[in-house]
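Asks:
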Amino acid sequence: MSDFLSKINPFYKFIFIIIFATGLTFWHTFWVNVLVFGVSMGLLLVGARWNQFLKALKFMIPISFIAFSLFMSGVLFGADTSSELGSLTFESTQNGLNMAVRVYAFAGLGLLLALTTDSYDLVKSMQKDGKLPRKFAYGMLAAVNLLPHIRDEYRKARLAFMVRGEKLSLLSIKPIFSMLVNCFQWSETLSIAMFSKGFHED
Numbered sequence: 018m019s020d021f022l023s024k025i026n027p028f029y030k031f032i033f034i035i036i037f038a039t040g041l042t043f044w045h046t047f048w049v050n051v052l053v054f055g056v057s058m059g060l061l062l063v064g065a066r067w068n069q070f071l072k073a074l075k076f077m078i079p080i081s082f083i084a085f086s087l088f089m090s091g092v093l094f095g096a097d098t099s100s101e102l103g104s105l106t107f108e109s110t111q112n113g114l115n116m117a118v119r120v121y122a123f124a125g126l127g128l129l130l131a132l133t134t135d136s137y138d139l140v141k142s143m144q145k146d147g148k149l150p151r152k153f154a155y156g157m158l159a160a161v162n163l164l165p166h167i168r169d170e171y172r173k174a175r176l177a178f179m180v181r182g183e184k185l186s187l188l189s190i191k192p193i194f195s196m197l198v199n200c201f202q203w204s205e206t207l208s209i210a211m212f213s214k215g216f217h218e219d
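When we follow our numbering, the leftmost residue of the sequence shown carries the number 18, and every step to the right adds one.
#1: Going by DSSP in three states, H220 sits in which element: helix, strand or coil?
#2: Can you find the residues in the same chain that come closer than 7 Å, C-beta to C-beta, to L163, ignoring five residues on each side of it along the sequence?
#3: Roughly how many angstroms lie between the CA atoms of Q69 and L132, to the nearest whole one?
#4: Which one of G182, Y171 and L185 has the shortest CA to CA distance from L197?
#5: Ends of the alpha helix (DSSP H) at D138?
#6: What does the alpha-carbon distance come out to for the pair R119 and M143?
#7: Between P27 and the rest of its own chain, which residues show a CB-CB distance below 6 Å, the 5 nearest in sequence each way excluded?
#8: Give me the Cα-Cα distance between F153 and V92, rounded to the nearest whole angstrom.
#9: Nearer than 8 Å: is that true of the beta carbon of S195 relative to any heavy atom of the ligand ZN?
#10: Using beta-carbon positions only, say whether I192 and F178 come within less than 9 Å of one another.
Set out below in structure tokens:
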């Protein structure tokens with residue numbers, strides 16, 4: 018694989034995909050969405066590293082679940098349904114397929130940008146080529162840098178509750194609340210650091 022997608026200017030790649038995705042929202046043709054998804058995955062196959070392509074395939078698992086859910090919604094509650102739970106008709110099946118492939122199309126564009134663009138390079142490019150003010154670029158870099166710490170903080174909070182003998186489900190909000198408390202403290206520290214570096218309104 019040539020990995021040429023990672024060498025494209027991040028800012029221009031970001032702008033192109035955003036504009037293209039915005040235009041795609043007004044395109045409801047089945048084959049257009051299939052083509053967009055196919056081209057996106059093809060570009061990842063030939064223009065990204067092998068581990069990036071494998072990561073894209075892993076992301077396809079939850080994306081496929083969402084697409085299947087929308088397909089069933091379109092089939093059961095689409096056009097020309099005659100019963101309370103809907104009925105299988107050509108129109109409802111077509112509606113479900115259109116909804117499913119749109120998920121794949123937008124997911125393909127998102128993966129094309131996310132997996133081949135370094136977040137630090139994107140912010141730097143936005144400042145250099147997009148004329149993004151320094152204080153916004155600094156704030157975005159700080160947020161990107163905090164993401165792994167937020168994930169670690171959530172794991173520590175879950176572990177702390179488990180050590181105390183409390184059983185937590187995947188949807189439990191207790192560790193999330195503890196994580197958010199620390200995040201607010203980090204934001205205060207970050208704002209003080211930004212002010213000390215001269216990133217303020219005056």
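Ideal Cβ placement from N, Cα and C applies to all residues, glycine included.
Computed from a prediction, not measured in an experiment: that's the story for all the values here.
Replies: Taking the definition as stated:
#1: This structure does not reach residue 220, given that the chain is present from 18 up to 219, and the question cannot be answered.
#2: W203
#3: 6 Å
#4: Of G182, Y171 and L185, the residue nearest in Cα terms is Y171.
#5: S136 to K145
#6: 28 Å
#7: T134, D138, L139 and S142
#8: 45 Å
#9: By its list of ligands, the structure shown contains no ligand whatsoever, and the ligand ZN lies outside what it can speak to.
#10: Correcting the residue identity first, residue 192 is Pro in this sequence and not Ile. Yes.
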